[in-house]
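Take a look at the structure below.
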Amino acid sequence: MAKGICQASMFSWFVAICVFSSVVIMYTQFSVIATKFKMLDNKSWTITSVSSEKRSSFSKASFKVVSIRNTSNKTNAVGRGKLGAGKPVEKKNIPNMSMYKIRQDNLHRSLKAKASKLLSWQPNITRTREVRNNLNQINGSFVFTQINTPVGGKYYNSFHQDPVTIDDDKHRLLLEASPFAHTSIPLFNTCAVVGNGGILRRSNCGKEIDASDFVFRANLQPIKHFTRDAGRKTNLTSLNPSKVKNRYDLLSSKANITKIVSAFKEYTGYILWIPNSQAIATELGFIVARVLKENTTLQLLLADDDYFSRVGDYWKSSKMLSTGMILTSIALSLCDEVRLYGFWPFSVDLTGKLSPMHYTNDITWSSYTNAHDFPHEFQQLTELHSEGVLRLQVSACVV
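Per the numbering used here, residue 264 is the first one in the sequence shown, and the count goes up by one each step.
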């Protein structure tokens with residue numbers, strides 16, 4: 264009997280040790296994920312319960328998400344399966360979990376509630392003029408020109424660092440004067456600012472975008488295969504150092520120069536160079552300007568970091584303005600009516616389906632670096648929509 268008690272006791276200790284080991288494994292994996300899990304809506308989400316699944320040995324367990332807690336507002340969301348209206352989140356093994364793949368009903372409901380307020384719009388001419396006047400009162404021009412920039416002047420990146428001295432050769436690459444001088448009367452009646460958000464996919468907004476008097480685009484996205492959703496018209500398109508580095512290897516070879524020139528062929532009008540990189544030499548802007556001048560009819564506009572820093576102050580942004588917000592600011596100062604497309608900083612759409620970061624699907628959500636304050640900017644844009652200053656298009660366009 265004593266032997267039996269001893270064996271039972273040993274078995275109990277064995278079970279206890281195995282259970283403790285499993286809990287330690289679970290807690291360790293769970294803690295690492297929980298500290299990293301944060302949504303673009305600036306709310307923290309924490310896994311609050313898990314279930315284990317037996318494997319070949321007792322001490323090896325696969326832990327799966329059962330519920331998630333919003334630690335920002337203490338709201339719980341429990342779910343299984345695919346996200347949708349009343350459909351919970353698909354279970355995932357924690358070690359393979361991506362911070363942008365787990366979705367829950369609370370986020371979906373929140374986005375639907377926000378979007379429901381954006382589906383209707385009434386223009387407010389008085390408030391629109393007020394915002395335009397405020398932006399036009401910001402001192403200076405948003406681009407460097409031969410008139411406002413003397414030989415020997417300095418050109419900085421967006422962090423007001425790494426200055427380049429403008430010699431005679433660089434001075435000749437600048438436009439003589441800005442084509443967008445501030446006036447009391449808007450230069451354009453209707454303008455479209457095309458962001459790169461995945462919400463543009465299957466939107467059928469191409470014709471509506473192309474019907475605008477002036478179209479702003481961001482970061483030299485390919486045009487040809489996306490015209491149905493994003494249109495083909497181009498008037499002013501932004502470009503930044505990281506895009507030239509990632510796609511064209513900083514133009515370090517003839518092959519890469521040929522490649523970017525080929526990309527430029529889909530575009531007309533102006534290329535706005537935004538030097539928003541600390542790691543890439545400011546000189547690159549003038550290299551791009553020379554490539555444009557020698558190989559295309561496009562004209563390069565070098566963005567003024569001082570001007571856009573003041574624009575950032577106007578929007579009360581704690582971080583560097585995103586390209587989309589920069590283009591929107593320019594549009595509001597130049598256009599009578601502004602519509603935004605592809606502005607959606609969330610990885611799920613209104614139906615609860617996963618949405619790519621870009622409609623071209625060229626980068627993933629995991630590349631998001633928090634360099635810009637997307638939640639704050641989107642809140643500003645939704646307020647401007649509610650005030651009748653601009654229109655945010657967050658649903659499919661009527662064909």
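Every residue, glycine too, gets a C-beta built ideally from N, C-alpha and C.
Can you name the residues that DSSP bridges to residue i?
i           : result
residue 535 : 501, 564
residue 417 : 428
residue 621 : 460
residue 654 : 602
residue 406 : 566
residue 611 : 617
residue 438 : 408
Just to check, is the beta-carbon of residue i closer than 7 Å to a non-hydrogen atom of the ligand FAD?
i           : result
residue 375 : Looking for the ligand FAD in the displayed structure turns up nothing, as the structure carries no ligands at all.
Rounded to whole angstroms, how far is the Cβ of residue i from the Cβ of residue j, which I believe are closer than 8 Å?
i           : j           : result
residue 381 : residue 584 : The pair is not a contact, with the Cβ atoms about 21 Å apart (cut-off 8 Å).
residue 509 : residue 539 : No, residue 509 and residue 539 are not in contact; Cβ-Cβ is about 14 Å, not under 8 Å.
residue 440 : residue 408 : 5 Å
residue 462 : residue 569 : No, residue 462 and residue 569 are not in contact; Cβ-Cβ is about 33 Å, not under 8 Å.
residue 436 : residue 552 : 4 Å
residue 391 : residue 651 : 7 Å
residue 484 : residue 623 : 5 Å
residue 501 : residue 560 : With 8 Å as the limit, residue 501 and residue 560 do not qualify as a contact, their Cβ atoms being about 18 Å apart.
residue 449 : residue 597 : 6 Å
residue 394 : residue 595 : 6 Å
residue 630 : residue 618 : That belief does not hold up - the Cβ atoms of residue 630 and residue 618 are roughly 15 Å apart, past 8 Å.
residue 494 : residue 607 : So it is not a contact: roughly 17 Å between Cβ atoms.
residue 514 : residue 550 : 6 Å
residue 558 : residue 507 : With a Cβ gap of about 15 Å, residue 558 and residue 507 do not count as contacting.
Give me, in chain order, the residues of the same chain whose beta-carbon lies closer than 8 Å to that of residue i; leave out the 5 immediate sequence neighbours on both sides.
i           : result
residue 512 : 519
residue 497 : 478, 480, 486, 529, 530, 531, 532
residue 406 : 438, 441, 443, 535, 564, 565, 566, 567
residue 649 : 380
residue 663 : With the chain represented from 264 up to 662, any question about residue 663 goes unanswered, as that position is not in the structure.
residue 398 : 574, 577, 592, 595, 596
residue 377 : 645
residue 385 : 651
For residue i, I'd like the list of residues in its chain whose CB is within less than 6 Å of its CB, leaving aside the five on either flank, ordered along the chain.
i           : result
residue 582 : 635, 636
residue 545 : 420, 425, 427, 538
residue 453 : 475, 476, 600
residue 662 : 467
With respect to the alpha helix (DSSP H) encompassing residue i, which residues constitute its N-terminal and C-terminal limits?
i           : result
residue 518 : 517-527
residue 549 : 547-558
residue 491 : 490-493
residue 477 : From DSSP, residue 477 is part of no alpha helix (DSSP H) but of the beta strand (DSSP E) over 477-480.
residue 646 : 637-649
residue 588 : 586-597
residue 681 : Absent from the model: residue 681. The displayed extent of the chain is 264 to 662, so no value can be given.
residue 208 : Outside the shown range of the chain, which is 264 to 662, sits residue 208, and nothing can be said about it.
Leaving out five residues on either side along the sequence, give the residues of the same chain with a beta carbon under 7 Å from the beta carbon of residue i.
i           : result
residue 277 : No answer about residue 277 holds up, because its pLDDT of 46 lies below 50 and its placement is not dependable.
residue 660 : 466, 467, 468, 471
residue 396 : none
residue 375 : 613
residue 627 : 620
If you follow the beta strand (DSSP E) that residue i is in, where does it begin and where does it stop?
i           : result
residue 456 : 451-457
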